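Asks: Sending over a structure as structure tokens; questions will come in a sec.
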Amino acid sequence: MRYSPLMTDLYEMTMLAGYLEEGMSEKPAVFDLFFRTNPFEGGYAVFAGLEPALNYLEDLYFLSEELVYLQNLGIFKTRFIEFLREFRFRGTVTAPPEGTAVFANEPLVTVEGTLAEAQFVETALLNIINFQTLAATKAARINHAAAGAEVIEFGLRRAQGPDGGVSCARAACVGGVRSTSNVQAGMLYGVPLRGTHAHSWVQAFPNELAAFRAYADAFPDSTILLVDTYDTLGSGIPNAITVAGELRTRGHELRGVRLDSGDLAYLSRESRRMFDEAGFPEVKIVASN
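Heads up, the sequence shown is in our numbering, so the first residue is 44 and it goes up one at a time.
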């Protein structure tokens, strides 16, 4: 995916034009990208976003319509617009591999090139690296807490727009997440897909049990039931146990259930107990919120 060079702050453009006017655009320069404090009051961050950042740099050029837009702003001289027409990033980048533990006040990315090149890419690199490093760090902390249990990335609905959703899924995998609900990310990055159904599925049927049965009929080998639409322990888990028994008689097994509200720690323990007592110790319990 091409990132437009217009994905930048205006002052990167005005500084670039100023450097050109002052004869400074070809002056050698080095920029370091770093952060000042660890996120989430933690002791480290997990570096991510390097590959899309490099893709941005390698594919950095202005389309004709982008140059027309800048010309029509009325603040740039024709000489600068023609400079942008031939503008490319030809510098070098030094960075650790993605997934590396990194720390505050150390360079994550070092950009060397002309002053024009190194200055202009500042905003885009901060956007790409900062967001993906933040998401990867959060994912790593959740994976550490999960102590080996599979963690699923399910953040598309709350992500910062469509590209943010794909970027977050990618970064979460750098941080150790093993699967995603994001179908586009699955295609782009080869990440295994996971999913259940929504509360609206349950509400679309006459009752919860009918909804569970219909979903199990449609996906008998990959059924994960969302059990908190009405009453997690009073109806959701009992109905899921019923469906698990019906699946077993047909040669299938209920894969899992999902808890999406309430006291997830308490509900997960009680759900585990109920499934174990009913003879379904292999049913997975997925927690989301």
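Glycine included, C-beta positions come from ideal geometry on N, C-alpha and C.
Note that the structure is predicted; figures quoted are calculated from it, not measured.
Assuming the contact rule is C-beta atoms closer than 8 Å, residue 132 and residue 156 should be a hit. Round their C-beta distance to whole Å, please.
Replies: Taking the first residue of the sequence shown as position 1, residue 132 is located at position 89. Taking the first residue of the sequence shown as position 1, residue 156 is located at position 113. Their Cβ separation, rounded to whole angstroms, is 7 Å, which keeps residue 132 and residue 156 in contact under 8 Å.
Asks: Can you tell me where the beta strand (DSSP E) holding residue 154 begins and where it ends?
Replies: Residue mapping note: residue 154 aligns to position 111 of the sequence shown, counting from 1. Residue 154 -> beta strand (DSSP E) spans 152-157.
Asks: Count the other C-beta atoms from every protein chain shown that fall within 10 angstroms of the C-beta of residue 99, then say buried if there are 16 or more, exposed otherwise.
Replies: Your numbering for residue 99 matches position 56 in the sequence shown. With 16 or more other Cβ atoms within 10 Å, it is buried.
Asks: Would you kindly report the start and end of the unbroken beta strand (DSSP E) that includes residue 137?
Replies: The residue you call residue 137 lines up with position 94 of the sequence shown. Residues 135-137.
Asks: When burial is assigned at 16 or more other CB atoms within 10 Å of the CB, is residue 213 buried or exposed?
Replies: Mapped onto the sequence shown, residue 213 falls at position 170. Buried, since its Cβ has 16 or more Cβ neighbours within 10 Å.
Asks: I believe residue 165 touches residue 94 by the beta-carbon criterion, under 8 Å. Please report the beta-carbon distance rounded to the nearest angstrom.
Replies: Position 122 of the sequence shown, counting from 1, holds the residue named residue 165. Position 51 of the sequence shown, counting from 1, holds the residue named residue 94. Contact doesn't hold; Cβ gap of about 19 Å is too wide.
Asks: Assuming residue 302 and residue 330 are in contact, meaning their beta carbons sit under 8 Å apart, how far apart are those beta carbons, in whole angstroms?
Replies: By 1-based counting over the sequence shown, the position of residue 302 is 259. By 1-based counting over the sequence shown, the position of residue 330 is 287. 5 Å between Cβ atoms; contact.
Asks: Please state the DSSP three-state secondary structure of residue 209.
Replies: For the purposes of this step, residue 209 is taken as residue 166 along the sequence shown, with counting starting at 1. Note: residue 209 maps to helix in three-state DSSP.
Asks: Going along the chain, which unbroken runs of the beta strand (DSSP E) with 3 or more residues stay wholly within the stretch 54-93?
Replies: 71-76
Asks: Let me make sure I understand the geometry here. Which of 289, 183, 106 has the alpha-carbon closest to that of residue 125?
Replies: In the sequence shown, counting from the first residue as 1, residue 125 sits at position 82. Of the candidates 289, 183, 106, the one whose C-alpha sits nearest the C-alpha of residue 125 is 106.
Asks: Identify, in the order they occur along the chain, each residue of the same chain with its Cβ nearer than 7 Å to the Cβ of residue 43, setting aside the five sequence neighbours on each side.
Replies: Because the chain is modelled from 44 through 332, residue 43 falls outside the range shown and cannot be assessed.
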